[in-house]
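Q:
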Amino acid sequence: MKLRMPFPLLTVVVFLAIGCAKAPEEIYAPADYSGWARTTAVVLNYPIPGHENRMRIPRMNAKGFTALPKRSDGKVSWDFPEDTVIVKEVFASAKPAPGEKPIQLTIMAKDPTDKRAQAGWLWITKDLPDGKETVFTGNFCVTCHANANEQHPYGDGNPNEDFRDFVYFVPGEGARSLLK
Amino acid sequence: MSVVQDERRCTSLVPIVNGPYNQMMSEKGKRFRSLTFTVNLVLVLALAAGVGLVMASFTLSLLSSRDLLTRSNLLQQGNIIYASIANFMLPGNAPLAVKFVGQISLSSPESTISLYRRDGVPAFSDNTTIDRVNSNLKQMKFISRPILVPQPARLATPRFKEATGNPPLEVFFREDQGGRTFFRAYRPLINLPKCSVCHGADHTVRGVIDIRSDVTAIIRTQNLTIAGGAGGFLIVVGLLAFFLGSFLRAIVLSPIRAIGSLCAKVTSGSFEGRIELRSRNEIGDLARTVNQMVGGLRERFELTKYVSRGTIGALTEGQKPIRVQRTMLFTDVRGFTAYTENHDPERVVEALNRLLEKQSEIIHEWGGDIDKFVGDEVVSVFAGEDAATRACNAARDIVRLCAMRPMDFDGLAVGVGMASGSIIQGMIGSDLRADFTVIGDSVNIASRLCSIAKAGQAIVSDGTKMAAGGDFSFKGPFGAKLKGKAAPQRVWILEVKV
Numbered sequence: 004m005k006l007r008m009p010f011p012l013l014t015v016v017v018f019l020a021i022g023c024a025k026a027p028e029e030i031y032a033p034a035d036y037s038g039w040a041r042t043t044a045v046v047l048n049y050p051i052p053g054h055e056n057r058m059r060i061p062r063m064n065a066k067g068f069t070a071l072p073k074r075s076d077g078k079v080s081w082d083f084p085e086d087t088v089i090v091k092e093v094f095a096s097a098k099p100a101p102g103e104k105p106i107q108l109t110i111m112a113k114d115p116t117d118k119r120a121q122a123g124w125l126w127i128t129k130d131l132p133d134g135k136e137t138v139f140t141g142n143f144c145v146t147c148h149a150n151a152n153e154q155h156p157y158g159d160g161n162p163n164e165d166f167r168d169f170v171y172f173v174p175g176e177g178a179r180s181l182l183k
Numbered sequence: 021m022s023v024v025q026d027e028r029r030c031t032s033l034v035p036i037v038n039g040p041y042n043q044m045m046s047e048k049g050k051r052f053r054s055l056t057f058t059v060n061l062v063l064v065l066a067l068a069a070g071v072g073l074v075m076a077s078f079t080l081s082l083l084s085s086r087d088l089l090t091r092s093n094l095l096q097q098g099n100i101i102y103a104s105i106a107n108f109m110l111p112g113n114a115p116l117a118v119k120f121v122g123q124i125s126l127s128s129p130e131s132t133i134s135l136y137r138r139d140g141v142p143a144f145s146d147n148t149t150i151d152r153v154n155s156n157l158k159q160m161k162f163i164s165r166p167i168l169v170p171q172p173a174r175l176a177t178p179r180f181k182e183a184t185g186n187p188p189l190e191v192f193f194r195e196d197q198g199g200r201t202f203f204r205a206y207r208p209l210i211n212l213p214k215c216s217v218c219h220g221a222d223h224t225v226r227g228v229i230d231i232r233s234d235v236t237a238i239i240r241t242q243n244l245t246i247a248g249g250a251g252g253f254l255i256v257v258g259l260l261a262f263f264l265g266s267f268l269r270a271i272v273l274s275p276i277r278a279i280g281s282l283c284a285k286v287t288s289g290s291f292e293g294r295i296e297l298r299s300r301n302e303i304g305d306l307a308r309t310v311n312q313m314v315g316g317l318r319e320r321f322e323l324t325k326y327v328s329r330g331t332i333g334a335l336t337e338g339q340k341p342i343r344v345q346r347t348m349l350f351t352d353v354r355g356f357t358a359y360t361e362n363h364d365p366e367r368v369v370e371a372l373n374r375l376l377e378k379q380s381e382i383i384h385e386w387g388g389d390i391d392k393f394v395g396d397e398v399v400s401v402f403a404g405e406d407a408a409t410r411a412c413n414a415a416r417d418i419v420r421l422c423a424m425r426p427m428d429f430d431g432l433a434v435g436v437g438m439a440s441g442s443i444i445q446g447m448i449g450s451d452l453r454a455d456f457t458v459i460g461d462s463v464n465i466a467s468r469l470c471s472i473a474k475a476g477q478a479i480v481s482d483g484t485k486m487a488a489g490g491d492f493s494f495k496g497p498f499g500a501k502l503k504g505k506a507a508p509q510r511v512w513i514l515e516v517k518v
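Protein chains in written order, with our numbering: chain A, 4 to 183; chain B, 21 to 518.
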């Protein structure tokens, strides 16, 4: 028996299938992220809230390194361009063995248009080795990183309370060129 | 609307559920299901589904809104308290934070706000934090206080652990306790980098703000609202079903029942009735059509009185002439011409009709068919294997009736002639006027025998006598010289005991 599906019904089914199809998820930390430059030469092996006693290595894509701070009213203000991605490798301990792989990546992706963005950034975790990226919808990450815009105990400590766009270690070269 | 002569009887049609119309419909093999029941069922289900969905949606929306609103409210409170505590903490005024939280709890009896350390112990219930801060700062910045609660209760529920995990999460949940309902939110206090100077950087969560709001009264009010809505929903469904059902019953179902009742009457042979329906719609048109149809059937039924059964049968089975075996029975009133000359026409017709009526009844009773009346003569036909027997029975009863009750027929009596044999049955006449009748030798012989029979005498042919069997007594044989027959016919006289 030949089954015939009426054309309008077929159209509805096709549109529903298209509409309900899961959109491909964007990958923020590509496979070659480890080739990105580090944002700081400071060895981040001291304990901090959030990552506690674990070694961290932050890397940023080339887009992020194009950011240049602006100075106005005696304050420096950073605004990383859209599509900036900062990947922070988190290791299992404060002293990982040579060649040891990180256990987790925490990612900041600048995308103010995304409705999940907080303070203009998407806050993402990528558990390894399964590689599944999850956009964090709680406010834990942004709450902690808000301290980057105030005086804080890391790196140079941000003594002037510059607005560093929620990034603790801004590219030193860019900053130095402006401060000259 | 109504059917026929008794409007009330026909509109109160509940009994018709088991009536002939329904029985007729049930014979199709499917169980009869009242249209009223079906329509009402569909209405109630449709209304229940439609209004029910709205009600369910309303209820879910109400509950969802309540939860969202409360959650948002509690978490907002948490954020405010968080910001306040953070600002108290930074200049080292932690005890002020505790006092602040206590005052908020007092000002709002429905809500309680508590602070816990990340290990689940109530904040500032001992000197652990003070000692830790002094140790981190390497100075006695804060003075230890007397321990107010020696062994405070520790909060260690799975939800609390969720709030103090890494990453810490805001937790919102419902809690039923002592017949009261609470919404509760755990807002983690993050050990921010700026906090870590005093509290150390080896942990992520400082503690948890626990906000508990008593929503018993709100839930009770909402339950009442939902119950009221559900009750209203049931009432609305009931009323709508009742009114729509009544409307449909009046507009559709009752007329259909009336039409069905009339059709059932027609099926059972009664053509007396019509549907009184004035509505100008499809059902009204149907009722008028049925009335016309029943009227036409009534006319045709009346017309059947004036034709023989054979004629009716020929109309349905075909009008082709056929040769068949039959027994013919003729009766004729003796001395009728003289009778008509000596009596009034009314009396003549009245007496003759009475006599013909009784003869017809007897002939029909014995399975004969009146072919025609020719003046005072009756021409009847008997078919079947025992046709002669039944014809003799009919002749006997006719003769006996006239003999026993002569005054019923004003003294009139009949002579009877019968003959059996092959005859031709067919439509005889012209295109304008025809009769479905019989012709043949046996017809002629029966007619001739009738004409020679005296009053109260039944003469039968030899063939009829032989076919009638031994249940009858016959005199004879006699030789009868009949018109059209060269040789005398052998005939018998049926003996009738009066």
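No residue lacks a Cβ here, since even glycine has one placed at the ideal position from N, Cα and C.
Tell me which residues share the same chain as M160 (chain B) and place their Cβ nearer than 7 Å to its Cβ, disregarding the 5 neighbours each side in the sequence.
A: N154
Q: Alpha carbon to alpha carbon, how far is R194 (chain B) from L175 (chain B)?
A: 17 Å
Q: Going by alpha carbons, who is nearest to L502 (chain B) out of B:L110, B:T201, B:I472 and B:F262?
A: L502 (chain B) has its Cα closest to that of B:I472, out of B:L110, B:T201, B:I472 and B:F262.
Q: Looking at G446 (chain B) and P341 (chain B), is the spacing between their C-beta atoms short of 7 Å?
A: In contact: P341 (chain B) and G446 (chain B) (Cβ atoms closer than 7 Å).
Q: Quick one: list the residues of chain B neighbouring I51 (chain A), beta-carbon separation under 8 Å, in chain order.
A: P213, S216 and A221
Q: Determine the chain B residues that contact N152 (chain A) at a beta-carbon separation under 7 Å, and present them in chain order.
A: Ordered by position in chain B, no residue passes the 7 Å Cβ test against N152 (chain A), which lies about 11 Å from the chain.
Q: Only counting the same chain, and skipping five residues up and downstream in sequence, which positions put a Cβ closer than 8 Å to that of Y41 (chain B)?
A: The pLDDT assigned to Y41 (chain B) is 47, lower than 50, so where the model puts this residue is not dependable, and the model offers no usable value.
Q: Counting only Cβ pairs nearer than 7 Å, list the residues of chain A close to T224 (chain B).
A: P52, G53 and E55
Q: Under a CB-based cut-off of 7 Å, is P115 (chain B) close to chain A?
A: no
Q: Residues in the segment 117 to 147 of chain A with C-beta within 9 Å of chain B's C-beta atoms, listed in sequence order?
A: T128, F139, G141, N142, F143, C144, T146 and C147
Q: At 3 residues or longer, what runs of the beta strand (DSSP E) sit wholly inside the segment 125 to 179 of chain B?
A: 131 to 137
Q: By Cβ distance below 8 Å, which residues in the same chain neighbour N142 (chain A) in space, the five residues on each side in sequence not counted?
A: Q121
Q: With 16 as the cutoff for other CB atoms within 10 Å, does A506 (chain B) come out buried or exposed?
A: exposed
Q: Given this structure, state the Cα-to-Cα distance separating H384 (chain B) from G330 (chain B), to the nearest angstrom.
A: H384 (chain B) and G330 (chain B): Cα-Cα distance of roughly 13 Å.
Q: Can you tell me whether Q197 (chain B) is buried or exposed, with buried defined as 16 or more other CB within 10 angstroms of its CB?
A: The residue in question, Q197 (chain B), is exposed, as its Cβ has fewer than 16 Cβ neighbours within 10 Å.
Q: Taking only beta-carbon positions, decide if P99 (chain A) is within less than 7 Å of chain B.
A: no
Q: Would you say E176 (chain A) reaches chain B, if we count a Cβ-Cβ gap shorter than 7 Å as a contact?
A: Because the pLDDT of E176 (chain A) is 47, which lies under 50, any placement of that residue in the model is unreliable, and the question is left without a value.
Q: Quick one: what does DSSP say D130 (chain A) is sitting in, helix, strand or coil?
A: strand
Q: Can you give the Cα-Cα distance for L108 (chain A) and C144 (chain A), rounded to whole angstroms?
A: Roughly 13 Å between the two C-alpha positions.
Q: Using DSSP's beta-bridge definition, name the partner residues of W512 (chain B).
A: B:V480
Q: Restricting to Cα atoms, I'd like to know which of B:G140, B:F192 and B:P166 is closest to P172 (chain B).
A: If we check each option's Cα against that of P172 (chain B), B:G140 comes out closest.
Q: Between the segment 166 to 194 of chain B and chain A, which residues of the former have CB atoms less than 9 Å from a CB of the latter, in chain order?
A: Taking 9 Å as the Cβ-Cβ cut-off, the segment 166 to 194 of chain B approaches chain A at N186, P187, P188, L189 and E190, given in chain order.
Q: Which chain B residues are close to Y31 (chain A), counting only those with a beta carbon under 8 Å from its beta carbon?
A: Within chain B, no residue comes near Y31 (chain A); the closest Cβ sits about 18 Å away, beyond 8 Å.
Q: Could you name the residues of chain B that P84 (chain A) contacts, counting a contact when the two beta carbons are closer than 7 Å?
A: Result: empty, since nearest Cβ-Cβ is about 25 Å, beyond 7 Å.
Q: Could you check what DSSP says for A120 (chain A) in three-state terms: helix, strand or coil?
A: Collapsing the DSSP output to three states places A120 (chain A) in coil.
Q: What residue range does the alpha helix (DSSP H) around T14 (chain A) cover?
A: F10 to C23
Q: Do we get a CB-CB distance below 7 Å when we pair I17 (chain B) with the residues of chain A?
A: Here chain B has residues from 21 to 518 only, and residue 17 (chain B) is not among them.
Q: Run down chain B in chain order and give the residues with a C-beta less than 8 Å from the C-beta of Y36 (chain A).
A: Those within 8 Å of Y36 (chain A) in chain B number zero; the least Cβ separation is about 21 Å.
Q: When the Cα of T43 (chain A) is compared with those of A:E28, A:H54 and A:R59, which residue comes out closest?
A: A:R59
Q: So, at 6 Å on beta carbons, what are the nonlocal neighbours of A403 (chain B) in its own chain, with the 5 sequence-adjacent residues on each side left out?
A: R346
Q: Just to confirm, is the Cβ distance from V436 (chain B) to T351 (chain B) under 7 Å?
A: yes
Q: For F68 (chain A), which residues of its own chain have a beta-carbon under 7 Å away from its beta-carbon, when the five flanking residues on both sides are left out?
A: A distance below 7 Å between beta-carbons, with the five flanking residues on each side excluded, links F68 (chain A) to the following residues of its chain, in chain order: A40 and P174.
Q: Can you name the start and end residues of the beta strand (DSSP E) that P208 (chain B) belongs to?
A: R200 to I210
Q: Listing by chain order, which chain B residues have their CB less than 8 Å from the CB of P156 (chain A)?
A: Neighbours of P156 (chain A) on chain B, chain order: P213, K214, S216, V217 and A221.
Q: Is the Cβ-Cβ distance between L135 (chain B) and V121 (chain B) less than 7 Å?
A: yes
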